[in-house]
Amino acid sequence: MSDAAARYRAMLRIRRFEETILDKFPTGVFHGTTHTYIGQEANAVGILDHIREGDSVFSNHRCHGHFLAYGGDMRGLFAELMGKATGICGGRGGSQHIHWRRFYSNGVLGSAIPVATGMGLAGRLRGDDDIVVVFMGDGAMGEGVIYEALNMAALWRAPVLYVVENNRIAQTTPIALAMAGTIPGRFEGFGVPALAIASSDVDEISLAASKAIAEVRDGGTPQALVIDTNRFAPHSKGDDTRSQEAIEALWATSCPIEIHASRLDPNQREELAAEVAEEVSQAFAAALADPEPDVEVGAA
Amino acid sequence: MSDAAARYRAMLRIRRFEETILDKFPTGVFHGTTHTYIGQEANAVGILDHIREGDSVFSNHRCHGHFLAYGGDMRGLFAELMGKATGICGGRGGSQHIHWRRFYSNGVLGSAIPVATGMGLAGRLRGDDDIVVVFMGDGAMGEGVIYEALNMAALWRAPVLYVVENNRIAQTTPIALAMAGTIPGRFEGFGVPALAIASSDVDEISLAASKAIAEVRDGGTPQALVIDTNRFAPHSKGDDTRSQEAIEALWATSCPIEIHASRLDPNQREELAAEVAEEVSQAFAAALADPEPDVEVGAA
Amino acid sequence: MSTVLESLNAGLHGAMEANESVYILGEDVLDPYGGAFKVTRGLSTAYPDRVITTPVSEAGFVGVATGLALSGLRPVVEIMFGDFVTLITDQVINGLSKYGWMYGGALEIPLVIRTPMGGRRGYGPTHSQTLEKLFLGVPGLRVLAPSAFTDPGGLLRAAIDDPGPVLFVENKLQYQRRLDDPAFSALESRLQVQEGYATAATVGVAGAPRPQLTIAAYGDMAERAAEAQLKMAYELEIFSELVVLEQLDPLGPSGDLPRALADSLRQTGCLLTVEEGTHTHGWGAEVVARAVETSAQKLGIARVAAFDSPVPASRVLEASVLPDVDVIVGAAQKLVAALDG
Amino acid sequence: MSTVLESLNAGLHGAMEANESVYILGEDVLDPYGGAFKVTRGLSTAYPDRVITTPVSEAGFVGVATGLALSGLRPVVEIMFGDFVTLITDQVINGLSKYGWMYGGALEIPLVIRTPMGGRRGYGPTHSQTLEKLFLGVPGLRVLAPSAFTDPGGLLRAAIDDPGPVLFVENKLQYQRRLDDPAFSALESRLQVQEGYATAATVGVAGAPRPQLTIAAYGDMAERAAEAQLKMAYELEIFSELVVLEQLDPLGPSGDLPRALADSLRQTGCLLTVEEGTHTHGWGAEVVARAVETSAQKLGIARVAAFDSPVPASRVLEASVLPDVDVIVGAAQKLVAALDG
Ligand SMILES: Cc1ncc(C[n+]2csc(CCOP(=O)(O)OP(=O)(O)O)c2C)c(N)n1
Ligand SMILES: Cc1ncc(C[n+]2csc(CCOP(=O)(O)OP(=O)(O)O)c2C)c(N)n1
Ligand SMILES: [Mg+2]
Ligand SMILES: [Mg+2]
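Respectively, the protein sequence lines represent chains A, Y, F and V.
With the first letter of the first sequence counted as 1, position 22 gets the number 22 in this note's numbering; the numbers rise by one all the way through.
With the first letter of the second sequence counted as 1, position 60 gets the number 60 in this note's numbering; the numbers rise by one all the way through.
With the first letter of the third sequence counted as 1, position 138 gets the number 138 in this note's numbering; the numbers rise by one all the way through.
With the first letter of the fourth sequence counted as 1, position 340 gets the number 340 in this note's numbering; the numbers rise by one all the way through.
(1) Check the DSSP bridge columns for V/GLY300 and list the partner residues they point to.
(2) At a CB distance below 8 Å, what residues from the region 168-199 of chain Y approach chain V? Give them in sequence order.
(3) What residue does the beta strand (DSSP E) around F/PRO75 start on, and which one ends it?
(4) With a 10 Å radius around its C-beta and 16 neighbouring C-beta atoms as the bar for buried, classify A/ALA214 as buried or exposed.
(5) The beta strand (DSSP E) spanning F/SER254 covers which residue range?
(6) Per the contact definition of three or more C-beta pairs closer than 8 Å, is the region 56-69 of chain V in contact with the region 85-100 of chain V?
(7) Going by the C-beta, is Y/GLY137 closer than 6 Å to any heavy atom of ligand 2?
(8) Assign Y/VAL297 to buried or exposed, taking buried as 16 or more other Cβ atoms, counted over all protein chains shown, within 10 Å of its Cβ.
(9) Using DSSP's beta-bridge definition, name the partner residues of V/MET221.
(10) In the DSSP output, what is A/HIS99 paired with across the bridge?
(11) Return helix, strand or coil for V/VAL316, following the three-state DSSP convention.
(12) Closest Cβ-Cβ distance between F/SER28 and chain A: below 7 Å?
(13) Hey, is Y/ASN151 close to ligand 3, as in C-beta under 6 Å from one of its heavy atoms?
(14) A/ASP203 by DSSP, collapsed to three states: which one?
(15) Are the C-beta atoms of F/PRO165 and some chain Y residue less than 7 Å apart?
(16) Which of the residues in the region 134-145 of chain Y, read from start to end, lie with their CB under 7 Å from any CB of chain V?
(17) Taking A/GLY90 as the query, report the chain V residues whose CB atoms sit under 8 Å from its CB, ordered along the chain.
(18) Any idea what DSSP makes of Y/GLU245, helix, strand or coil?
(19) Going by other Cβ atoms of all chains shown within 10 Å of its Cβ, with 16 needed for buried, is V/ARG266 buried or exposed?
(20) Assuming F/ALA225 contacts F/ILE215 under a Cβ cut-off of 8 Å, what Cβ separation, rounded to an integer in Å, is found between them?
(21) Is Y/ASN166 close to chain F? Criterion is C-beta to C-beta, closer than 7 Å.
(22) Could you work out which residues of chain A lie near F/GLY42, taking near to mean beta carbons separated by less than 9 Å?
(23) DSSP on A/GLY65, reduced to helix/strand/coil?
(24) Mapping DSSP to helix, strand and coil, what is Y/THR27?
(25) Whose CA, out of V/LEU272, V/GLU276, V/THR199, lies closest to the CA of F/ALA289?
(26) Among the candidates V/ALA332, V/PRO75, V/THR268, whose CA atom is the shortest distance from the CA of V/PHE168?
(27) Within 7 Å of any Cβ in chain V, is that where the Cβ of Y/THR33 sits?
(28) The alpha helix (DSSP H) spanning F/ILE160 covers which residue range?
(29) Distance check for F/ASP256 and Y/ALA300, CA to CA, integer angstroms please.
(30) In chain order, what are the residue ranges of uninterrupted alpha helix (DSSP H) at least 4 long that sit wholly in the region 165-196 of chain Y?
(31) Am I right that V/PHE84 and Y/VAL108 are in contact with their C-beta atoms under 8 Å? What's the rounded C-beta distance?
(32) Kindly list the residues whose CB is nearer than 6 Å to the CB of Y/HIS35, restricted to its own chain and excluding five residues on each side of it in sequence; keep chain order.
(33) Am I right that F/VAL244 and F/ALA217 are in contact with their C-beta atoms under 8 Å? What's the rounded C-beta distance?
(34) Is any non-hydrogen atom of ligand 4 found closer than 6 Å to the C-beta of F/ILE328, if you look at the structure I gave you?
(35) Name the chain V residues that come within less than 7 Å of A/HIS99, Cβ to Cβ?
(36) For A/SER111, would you say it is in contact with chain V, using Cβ-to-Cβ distances shorter than 7 Å as the test?
As structure tokens, this is what we get:
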């Protein structure tokens, strides 16, 4: 498959997965909560393109897209959200706390940033050139522990790429009410170079990420990549306080899938769409049929 | 008294107080710990010159100098360090946890910064033009909660002057091992303008502080003042890992009292020295004679 | 005013109306959202200058609120999920609970920290915990939990009037509890002062025989304990007295049990503590220790709590870890049987 | 190797020599200083690449260490004063103690957090606390305390080999305790496994009559309890068995007491718990609760702990708040008298 097609497919897989979650939530098949990645797909796909086998990824509450772009199993993620035995964490973690191979996420904002930094440092101490990519939102940047981690990352040259997905909103709070200064300025104040781009184009993001990741890997030093992006869906489900028009305006100008679509011919798009739709519905059905976990496990 | 004489006297009071502490510690009259301000006197004196009745001051573990410059009672501080009933906190706080009027200190690095920020904010909410001055060291700047506070200070325009006394060492750790980036850059990343000066001259510091405090008060916005300064004495007592020469070099070039001395005539200096020596020894003797606290108080 | 949520919300409205010094701080507390669980709904519309939405900086804004309180204002802080009290531990333990005392004893810190604890919503290991036990036994801090058996909004208003700091522990599922739940119409309850301004409710099935068992509980688990109480009375003929405590800590003066609990225990000689947090080193441990320290007789003792495990997300796993009505009934049965046998 | 400090230091040296994956992180841990209390002395000289001095960022470097542990290294972190564990609560409770479990159960987090608790040095309210009770009952975390009655360095090495996270609670005054203190030559002690690799020591006065009282203690208070034990035996003819536990939590499998403690209690029927932290919701509460839950007989019960107050700086005030040998003796006397009477 061409790069363009692969990226299209990767973004579409995330989009359809998340739509399925929102669509099926009211039926009660999922337990708990969810935070969908709709609108931000280009970030995960553009960035995680460039990681290798030994690299690690640490994600946050909005982790489904990162997980799928990392190569994570869709059925296992559906099953995790359903609390099934076959869920990637056996139903223990749920939507926000997932792990597979070298992919991790945690639901406490900010608290994974030092952990990811330590994972990066471990590589340098062992002398390999594995790196870590860690995702955070603009809202999470209120947490002080992030700055403790950045300081250590710069001091100890931890090969970590800090990705800020700046959708300029945290739950319901617009960035203007929650963030003073600038995001790149915050990284630079702690000696971590930061590159900021405003784009929902997966190719642009991939290019920026490729450069940043190469620098992190070769230089063995931390970097930040700040991406202005857009959250199209509610924070979780049905909790959007933004106006319908505001959201529509985002869709109109910055849907990563729309932006990328023109690079594929319509037939191929349709083929991919059908293939992805099939994959998602099979994964959903398979997860749904999976068994509930054995209760002893939880109680132990 | 002329300004010059008053500043000389204020610095000398701190110097002699701290020397007395170090001198008498081995005799067992003090219980606990101490962190002396020797070498940094010009900061407290130069800055606290400009505060007014309604203003508040929040200090850290190295608080004796700040307290005396604030106008705090010397005998009460001696008594506090001796754990006497007449100590400013009745012996409860000891060297690091002191309070009198609108002066406070806490021994947990960084944790007072949001509290001081809230005190500043309270003034703005009430509509007065009182400000808060809060002191911290370069080492404390490792603590994340400081950055949480700076963000809120800038967002909510809290009239707070953040003073960093950058002596480039934290306990035994040189700044190069503990701080990446730059101190002003850290403040600016959170939207707090920062002025950096390298001086042990009380007049220079006073000038810078006067400007910064006026801006904080008039603009009702936070600012930072970063002062390159020097710790002459051990971190606490007898725990200096720096070489004798390195310390002597600091004394030779940057003793705030020596620097300021030339502005006074020798006779006046001698007079002031005698007066201060007398005050310190009387305060010490009085505190020593003070009663131990009533035990019921502690056990309650 | 029929749910715990409405009562708490009304309490906040009342407090803000009554006292201009009351400020609200927290994440996403502004209308139309009104807070993740809607406890602050309407406040920012009614008092736009006194409701401050914060960055995601729990330690920072609790510290800022401490500064407000030291300056004579009365901040009420919301921590969006109780799980995040882990982030404010230093501000609470080395800060706001100590400032009054360590600076000589004259300062007041009128600060309330509200937060919802609890699971059963599938939110997973970092959004479902019951963590107030972290803050039980912190000198200088009062820990309260509202109950549908008393007056949630009234307790919150009293906490706001308290000159000292209060951790006010809510529960996610409790919010929808009705204050006049018809399911509890067969229960009658006697109120008495527990300590300070907190209330203890002694709840029993109206007209039931003398109780054999005292159940001590708080918050949402008190409602579950009441359900268990009814079930036991009607289905198993086990009669109990439920003592609902609004104040988790201090329990009572210098090592004592709350009087309502001591009185009940003297009658029954048998104590079951009930809480949603994990078993080991939970609230029940201190209640049990005080009970045996202050009782002349040998008491029957058991504790109901969550398994010593994180809270899993999966519905079946979560249910297997958290204590529900049947677990309470089972524990009570076992306890009573052991005493009879 | 005669003091607790030397034993711990030797344990670290041994662990670093034996395993290249062991790293040390903490504030001011480099030589010549070697850490505020010198536990890490010599390590940075011997292993310059594996001792990392950190910024003053307790939460941050505990998080970093968690990342190292998740990556297969074995970090040992020092928190300079135990009072600052308040800053790492989130990393411990919502992070390192959960990662193994919540990600499905297969991950290992071999991480040790060492820190000195305790007062009696006049350091005041934020540098004198005994705060491990915050972390008792945290699922997934083991809490250990070395004792001069067992093998401090050996315990630390075993903790470093543990595949899971450990909070290792030291005590400032304990560091100078001698492992072979001649003051204790009249005591004899039996060691047995408590749980996992932790040891319980049952200590008694050699040749004394059958004990009337079981004392449960750990860390530095165990040494004070032993002094009390001698004093009681010689001056008051009160004979006791002191059970020193290295593992504070989990105490024993699923609600049980450690066997050494259960065995002793079966003999004496009388339990005194001793700890330096504040009374309410202390370690003793859980020990007492388990003791009464698992005993058929009515037990004599009392707890010795600090007053429920911050730790004041003043020598006389501090002494009035913290429990010492005489407080232990007094409590034991009262307890035994109540049982006799
Ligand atoms: C420590 C902490 N505080 C609060 C929350 C509740 N919360 C979950 S997501 C969120 C907003 C996050 O915003 P941002 O970081 O910008 O990410 P986005 O949701 O926009 O992707 C909040 C406040 C949390 N999970 N953790
Ligand atoms: C949270 C916390 N961590 C560690 C310490 C121990 N400690 C006390 S002072 C100090 C160094 C502080 O350095 P700096 O902030 O530069 O102030 P200075 O001593 O140089 O004035 C340390 C590590 C503390 N008091 N609080
Ligand atoms: Mg966002
Ligand atoms: Mg310094």
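A virtual CB, placed ideally from N, CA and C, is assigned to each residue, including glycine.
Computed from a predicted model, the values in this text were never measured in an experiment.
In this structure, then:
(1) Reading the fourth sequence from its first residue, position 300 is the one you call residue 300 of chain V. Per DSSP, V/CYS270.
(2) ALA170, GLN171, THR172, THR173, LEU177, ALA178, MET179
(3) In the third sequence, residue 75 of chain F corresponds to position 75, counting from 1. From DSSP, the beta strand (DSSP E) with F/PRO75 extends over 74-78.
(4) Position 214 of the first sequence, counted from the first residue, corresponds to residue 214 of chain A. Answer is exposed; the Cβ neighbour count stays below 16.
(5) The residue labelled residue 254 of chain F in the question sits at position 254 within the third sequence. Run containing F/SER254: none; DSSP gives neither H nor E here.
(6) yes
(7) The sequence position of residue 137 of chain Y within the second sequence is 137, counting from 1. Y/GLY137: yes, Cβ under 6 Å from ligand 2.
(8) Mapped onto the second sequence, residue 297 of chain Y falls at position 297. Residue confidence for Y/VAL297 is low, a pLDDT of 44 falling below 50, so the modelled location carries little weight; the figure read from the coordinates is stated next. Y/VAL297 is buried by the Cβ-count criterion.
(9) The count along the fourth sequence starts at 1 and reaches residue 221 of chain V at position 221. Paired residues: none, contrary to the question.
(10) Taking the first residue of the first sequence as 1, we reach residue 99 of chain A at position 99. Note: A/HIS99 sits in a beta bridge opposite A/TYR104.
(11) For the purposes of this step, residue 316 of chain V is taken as residue 316 along the fourth sequence, with counting starting at 1. Correct three-state label for V/VAL316: helix.
(12) On the third sequence, position 28 is the one that residue 28 of chain F refers to. Here residue 28 of chain F is Asp; the residue named in the question, Ser, does not match the sequence. True, the Cβ-Cβ gap to chain A drops below 7 Å.
(13) Indexing the second sequence from 1 puts residue 151 of chain Y at position 151. Flag unset: Cβ of Y/ASN151 not near ligand 3.
(14) Translated into the one-based positions of the first sequence, residue 203 of chain A becomes position 203. Correct three-state label for A/ASP203: helix.
(15) For the purposes of this step, residue 165 of chain F is taken as the residue at position 165 of the third sequence. Cβ-Cβ to chain Y under 7 Å: no for F/PRO165.
(16) GLY139, ALA140, GLY142, GLU143, GLY144
(17) For the purposes of this step, residue 90 of chain A is identified with residue 90 of the first sequence, where counting begins at 1. Within 8 Å Cβ-Cβ: GLY104, GLY105.
(18) In the second sequence, counting from the first residue as 1, residue 245 of chain Y sits at position 245. Correct three-state label for Y/GLU245: helix.
(19) In the fourth sequence, residue 266 of chain V corresponds to position 266, counting from 1. Exposed, because fewer than 16 other Cβ atoms sit within 10 Å of the Cβ of V/ARG266.
(20) Taking the first residue of the third sequence as 1, we reach residue 225 of chain F at position 225. Taking the first residue of the third sequence as 1, we reach residue 215 of chain F at position 215. About 5 Å; that satisfies the 8 Å criterion.
(21) Sequence index remark: in the second sequence, residue 166 of chain Y carries index 166 (1-based). It does not; no Cβ of chain F falls within 7 Å.
(22) The residue you call residue 42 of chain F lines up with position 42 of the third sequence. Here the premise fails: no neighbours, minimum Cβ distance about 15 Å.
(23) Start at 1 with the first residue of the first sequence, and residue 65 of chain A comes out as number 65. A/GLY65 falls in the helix class under three-state DSSP.
(24) For the purposes of this step, residue 27 of chain Y is identified with residue 27 of the second sequence, where counting begins at 1. Residue state, collapsed to three classes: helix.
(25) The residue given as residue 289 of chain F occupies position 289 in the third sequence. Measuring from the Cα of F/ALA289, the nearest candidate turns out to be V/LEU272.
(26) Stepping through the fourth sequence from its first residue, residue 168 of chain V is reached at position 168. Checked all of V/ALA332, V/PRO75, V/THR268; the closest Cα to V/PHE168 is V/PRO75.
(27) As a working mapping, residue 33 of chain Y is identified with position 33 in the second sequence. Cβ-Cβ to chain V under 7 Å: yes for Y/THR33.
(28) For the purposes of this step, residue 160 of chain F is identified with residue 160 of the third sequence, where counting begins at 1. Per DSSP, F/ILE160 belongs to the alpha helix (DSSP H) from 152-161.
(29) Within the second sequence, residue 300 of chain Y is the residue found at index 300, counting from 1. Within the third sequence, residue 256 of chain F is the residue found at index 256, counting from 1. Low confidence applies to Y/ALA300: its pLDDT is 37, below 50, so where it sits in the model is not reliable enough to give any reading.
(30) 183-189
(31) On the fourth sequence, residue 84 of chain V is found 84 positions in, with the first residue counted as 1. On the second sequence, residue 108 of chain Y is found 108 positions in, with the first residue counted as 1. That belief holds up - the Cβ atoms of V/PHE84 and Y/VAL108 are roughly 7 Å apart, short of 8 Å.
(32) Taking the second sequence and counting its residues from 1, one reaches residue 35 of chain Y at position 35. Excluding sequence neighbours, Y/HIS35 sits near HIS61, ARG62, SER236.
(33) If you number the third sequence from 1, residue 244 of chain F lands on position 244. If you number the third sequence from 1, residue 217 of chain F lands on position 217. Indeed they touch by this definition, with Cβ atoms about 6 Å apart.
(34) Here residue 328 of chain F refers to the residue found at position 328 of the third sequence. No.
(35) Mapped onto the first sequence, residue 99 of chain A falls at position 99. Within 7 Å Cβ-Cβ: TYR103, GLY104.
(36) Residue numbering aside, residue 111 of chain A sits at position 111 when the first sequence is read from its first letter. Chain V contact via Cβ: present.
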